[in-house]
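According to numbering that gives the first Met the number 0, the sequence shown is numbered sequentially starting from 0.
Note that the Cβ used here is the ideal one computed from N, Cα and C, for glycine as well.
Bear in mind the structure is a predicted one, so any value in this text is a computation, not a measurement.
Single-structure report; data block below.
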Amino acid sequence: MAEKIERFKGFTKEMHGTKWGMGEEECNVTFERCDPVILAVCPNCGREIVAHWVCYENKYTMSGRINNERREKVEKYIESKYSYYTMVGKVVSEIMEYRKKKNFCCEWCSAELVEKPGYYYENNYVHDFIFHTYLIKDDNICNECRQYYDIHYWRQNIKEPFGMKEEVIKKLLDDKRYTNQYTDLPDDDERYKKVEEAKCRGEIINISWQKMSIDSIFTFLHDYREETRLPELAAEVDQWISSKSEELRKTEAVQMAAIDEANTDFLKQYLYHLIQIETDICSLSKRMPGLYFVQEENARTKEQLIDLRDDIRQIKEKHTKLEKEENIIGKGESDELWKSNYERILNEKKAGDYPEKPQEPDYPQLEKAGLFDIFHKKKIEEENAAKLREYNVKHDAWKKEETRYELAVAKIEQNVTEEAKREAEQQISDAENGKKKLQEEIASLNEELEEKRKAQRQEIQNTWDVEVQEAENTLKKCIEAKLTYESCNVVFPKYRNLIAYASFYEYLESGRCDSLSGVNGAYNLYEAELKQNTVIAQLSKVLESMEDIKTNQYVAYSQLHEMNKNLHELNTSMHKAVESLGQIQGAAKKIVENSELTAYNTAATAYYTKINTQLTNALGYMVAFKS
Numbered sequence: 000m001a002e003k004i005e006r007f008k009g010f011t012k013e014m015h016g017t018k019w020g021m022g023e024e025e026c027n028v029t030f031e032r033c034d035p036v037i038l039a040v041c042p043n044c045g046r047e048i049v050a051h052w053v054c055y056e057n058k059y060t061m062s063g064r065i066n067n068e069r070r071e072k073v074e075k076y077i078e079s080k081y082s083y084y085t086m087v088g089k090v091v092s093e094i095m096e097y098r099k100k101k102n103f104c105c106e107w108c109s110a111e112l113v114e115k116p117g118y119y120y121e122n123n124y125v126h127d128f129i130f131h132t133y134l135i136k137d138d139n140i141c142n143e144c145r146q147y148y149d150i151h152y153w154r155q156n157i158k159e160p161f162g163m164k165e166e167v168i169k170k171l172l173d174d175k176r177y178t179n180q181y182t183d184l185p186d187d188d189e190r191y192k193k194v195e196e197a198k199c200r201g202e203i204i205n206i207s208w209q210k211m212s213i214d215s216i217f218t219f220l221h222d223y224r225e226e227t228r229l230p231e232l233a234a235e236v237d238q239w240i241s242s243k244s245e246e247l248r249k250t251e252a253v254q255m256a257a258i259d260e261a262n263t264d265f266l267k268q269y270l271y272h273l274i275q276i277e278t279d280i281c282s283l284s285k286r287m288p289g290l291y292f293v294q295e296e297n298a299r300t301k302e303q304l305i306d307l308r309d310d311i312r313q314i315k316e317k318h319t320k321l322e323k324e325e326n327i328i329g330k331g332e333s334d335e336l337w338k339s340n341y342e343r344i345l346n347e348k349k350a351g352d353y354p355e356k357p358q359e360p361d362y363p364q365l366e367k368a369g370l371f372d373i374f375h376k377k378k379i380e381e382e383n384a385a386k387l388r389e390y391n392v393k394h395d396a397w398k399k400e401e402t403r404y405e406l407a408v409a410k411i412e413q414n415v416t417e418e419a420k421r422e423a424e425q426q427i428s429d430a431e432n433g434k435k436k437l438q439e440e441i442a443s444l445n446e447e448l449e450e451k452r453k454a455q456r457q458e459i460q461n462t463w464d465v466e467v468q469e470a471e472n473t474l475k476k477c478i479e480a481k482l483t484y485e486s487c488n489v490v491f492p493k494y495r496n497l498i499a500y501a502s503f504y505e506y507l508e509s510g511r512c513d514s515l516s517g518v519n520g521a522y523n524l525y526e527a528e529l530k531q532n533t534v535i536a537q538l539s540k541v542l543e544s545m546e547d548i549k550t551n552q553y554v555a556y557s558q559l560h561e562m563n564k565n566l567h568e569l570n571t572s573m574h575k576a577v578e579s580l581g582q583i584q585g586a587a588k589k590i591v592e593n594s595e596l597t598a599y600n601t602a603a604t605a606y607y608t609k610i611n612t613q614l615t616n617a618l619g620y621m622v623a624f625k626s
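Below, the structure is given as structure tokens:
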């Protein structure tokens, strides 16, 4: 079940449209929901996380001709009435903040979330709101978003979103398991309208234009991981078989003396047991990739039982404090810190004991004699001369005060500078000490967290670990038995494979041959049928063409058909058990067993018991024959 993050804020109320006039013309403004949604699967604990924002898209229609001036007028009106662009900017900022590395983490286990195929998906509204942020009148957000777009989106395409392979997407979507309830509805269908509304609310998302629910997308991502991981695991199993065979060949435990192959009854028994051994090896090699995948996924699911959120929250708080200390140190290195202190302290001085600046005296207003005012001219000149003398005295006095003021200010500013630098040095020293202490505390908390995690992991039963070990041990025993039989040198090395053994057994059992070698032997008949394309020699092709070999390769068909039937039943039971274990009860305890798991354990026990019984019979026969 997906964990939904609802802590994001944006539009807090429904947006409604309006109609308003622009002179003689009208404008209709409407708003449609278009919620950005990010889906992530934690690579550590496997939690399915949904980050959801509420957002709207504005649409407007205007009567008459639309031009830039009128469009700007509409946008200003929308912003003034609804604060639309402000709220969009808030949504975009939150998306950007969430996608930063330090924040894009699982809130339950603190593991970093990843943008890997099968682990990440988002709806197109995330792209729309990030890329189209030119609508938001904030250059900083715009620049950041465009940088994010260039890094994150430009390399994505519609057919292969987020690195997912187109052929795998198509293969998964072709079975219609995910989309049949939402896809291919006619436009006039009421269900179509409801689906589109749900899509706008972020409840339904497109994958390759197929409409899928949130739960379906997570199922799709799981199946994508399985589809792409199984071939890798199959290659690892093949490599394991090869290396284990080489290792066992060097031991004396599988070495036996050559045995005469002239005895037809012996040959038939010998080939019969080899066929069983090779079939078991084939069955286990096909079984183990799926088992390994379930084990990997379950290892993540186990982490969900470990509740350490309080510890993780404490570490996050320490990291927040650490960032503040590092920010102070960074400001100190760039001189930003002491300059900030300088401005603060200086403002405090100005509000308190800062000297008052002396006021420069006003220049006197001099009188002017009229053109014909000869009698008062001298008097006016004397008065002006007196005013100037008085002004000069005041000005000289002001200059002296101004000099004293500047010296006082310079001294104060010098003292403020020294105080600001001392304070900055102390802040940097405190920050460095705080940083060191916080780093030690974080390291200690991380160690404690990991110890708690290890302790709780040991308490949790991994349903699949035991079976993986049993499957590997059983496969090893099958390889040992195969090498024991091959060491007898009964069959020529060229023909040591399941299809050849089945063909030889069929020839002997049906009476077409009574030996392996010779003109009328099984080797010659087999080679002739290969040339005539009567039989298929490659196991991979045989498995792809089971119905084609039903007549001409009856023994091989019977063995492989029974193997596929048993594997199908076992895998079906396993998938039911896996689904049933999806509902986890209790904290940090073992997974609750249920009927589906019990049924699967019974089927798995029967599967391995049958193989081990066949191995016991095969090795017992060989020992009895040798004696």
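For this session: List in chain order: all unbroken alpha helix (DSSP H) runs of 4+ residues lying wholly within the stretch 209-271.
Result: 213-248
For this session: Put Lys-588 into one of helix, strand or coil per three-state DSSP.
Result: The pLDDT assigned to Lys-588 is 40, lower than 50, so where the model puts this residue is not dependable, and the model offers no usable value.
Problem set entry | Close Cβ partners of Asn-57 (< 7 Å) along its chain, the five nearest in sequence each way excluded | Val-28, Phe-30, Ile-77, Tyr-83
Exercise. When the Cα of Tyr-181 is compared with those of Lys-453, Ile-204, Asn-67, which residue comes out closest?
Worked result: Ile-204
Problem set entry | 8 Å CB neighbourhood of Arg-154 in its chain, flanking five on each side removed | Bear in mind that a pLDDT of 46 at Arg-154, under 50, signals an unreliable position, so the model cannot answer this.
Exercise. At a cut of 8 Å, does the stretch 42-62 reach the stretch 110-120 through at least three beta carbon pairs?
Worked result: Enough Cβ pairs lie closer than 8 Å, so yes.
For this session: Could you tell me which of Pro-116, Ile-427, Glu-440, Ile-129 sits nearest to Glu-96, measuring between CA atoms?
Result: Ile-129
For this session: Measure the Cβ-Cβ separation of Lys-549 and Tyr-556 and say whether it is below 8 Å.
Result: yes
Exercise. For the beta strand (DSSP E) that contains Val-49, what are its first and last residues?
Worked result: 47-51
Problem set entry | Close-in-space but distant-in-sequence residues of the same chain around Met-14 (CB under 6 Å, 5 per side omitted) | Exclusion of the five residues before and after Met-14 leaves Phe-30, Tyr-55 as the residues of its chain whose Cβ lies within less than 6 Å of its Cβ.
Exercise. In whole angstroms, what separates the C-alpha of Glu-412 from that of Leu-345?
Worked result: 7 Å
Problem set entry | Under 8 Å between C-beta atoms of Gln-672 and Asp-464 | Nothing about residue 672 can be read from this structure; the chain reaches only from 0 to 626.
Exercise. Taking the alpha helix (DSSP H) that Glu-347 falls in, what are its first and last residues?
Worked result: 335-350
Problem set entry | Close beta carbons around Leu-444, own chain, < 8 Å, minus the five adjacent residues each side | Cβ-Cβ distances below 8 Å link Leu-444 to Asp-310, Gln-313, Ile-314, Lys-317 in the same chain, with the five nearest sequence neighbours on each side left out; the list follows chain order.
For this session: Assess, as a yes-or-no matter, whether the stretch 494-511 is touched by the stretch 272-288 under the definition of 3 or more beta carbon pairs within less than 8 Å.
Result: yes
Exercise. Given that a residue counts as buried once 16 or more other Cβ atoms are within 10 Å of its Cβ, and exposed if not, what is Pro-492?
Worked result: exposed
Problem set entry | Neighbourhood of Lys-436 by C-beta distance below 8 Å, restricted to the same chain and skipping five residues each side | none
Exercise. In terms of residue numbering, what span does the alpha helix (DSSP H) encompassing Ala-470 cover?
Worked result: 464-485
For this session: Go to Thr-60, then tell me how far its beta strand (DSSP E) extends in each direction, as first and last residue.
Result: 55-61
Exercise. Short check: CB of Cys-477 to CB of Ile-280, under 8 Å?
Worked result: yes
Exercise. Quick one: any contact between the stretch 210-228 and the stretch 170-188, if contact means 3 or more CB pairs under 8 Å?
Worked result: yes
Exercise. Hey, out of Tyr-606, Arg-69, Ala-50, Asp-547, whose CA is closest to Glu-103's CA?
Worked result: Note on identity: in this sequence residue 103 is Phe, with Glu being the wrong assignment. Checked all of Tyr-606, Arg-69, Ala-50, Asp-547; the closest Cα to Phe-103 is Ala-50.
Exercise. With contact counted as at least three CB pairs below 8 Å, one residue from each stretch, are the stretch 523-540 and the stretch 560-576 in contact?
Worked result: no
Exercise. Which residues does DSSP pair with Gly-20 in a beta bridge?
Worked result: Glu-25
For this session: Can you grab the Cα-Cα spacing for the pair Met-562 / Asn-519, in whole Å?
Result: Each residue's alpha carbon lies about 32 Å from the other.
Exercise. Along the chain, where does the beta strand (DSSP E) that runs through Ile-4 open and close?
Worked result: 2-4
For this session: Using three-state DSSP, classify Ile-77 as helix, strand or coil.
Result: Of the three classes helix, strand and coil, the one that applies to Ile-77 here is helix, per DSSP.
Exercise. Using the rule of at least 16 other Cβ atoms within 10 Å of the residue's Cβ for burial, across every protein chain shown, is Gln-426 buried or exposed?
Worked result: Buried: at least 16 other Cβ atoms inside 10 Å.
Exercise. Relative to the C-alpha of Glu-231, which residue among Leu-290, Phe-219, Glu-450 is closest?
Worked result: Leu-290
Problem set entry | Nearest-angstrom Cα separation, counted from Met-86 out to Phe-10 | Looking at the backbone, the Cα of Phe-10 and that of Met-86 are separated by about 6 Å.
For this session: Buried or exposed for Lys-330, please, with buried defined as at least 16 other CB atoms from any protein chain shown within 10 angstroms of its CB.
Result: buried
For this session: Tell me, please, which residues DSSP counts as bridged to Tyr-120.
Result: Leu-38
For this session: Compare the beta carbon distance of Glu-324 and Lys-434 with 8 Å and say whether it is the shorter of the two.
Result: yes
Problem set entry | Whether Ser-502 touches Val-467 by CB criterion (8 Å) | no
For this session: Going by CA-CA distance only, name the one from Ser-244, Ala-480, Asp-352 that's closest to Asn-611.
Result: Ala-480
Problem set entry | Alpha carbon of Leu-524 to alpha carbon of Ser-514, nearest angstrom | 11 Å
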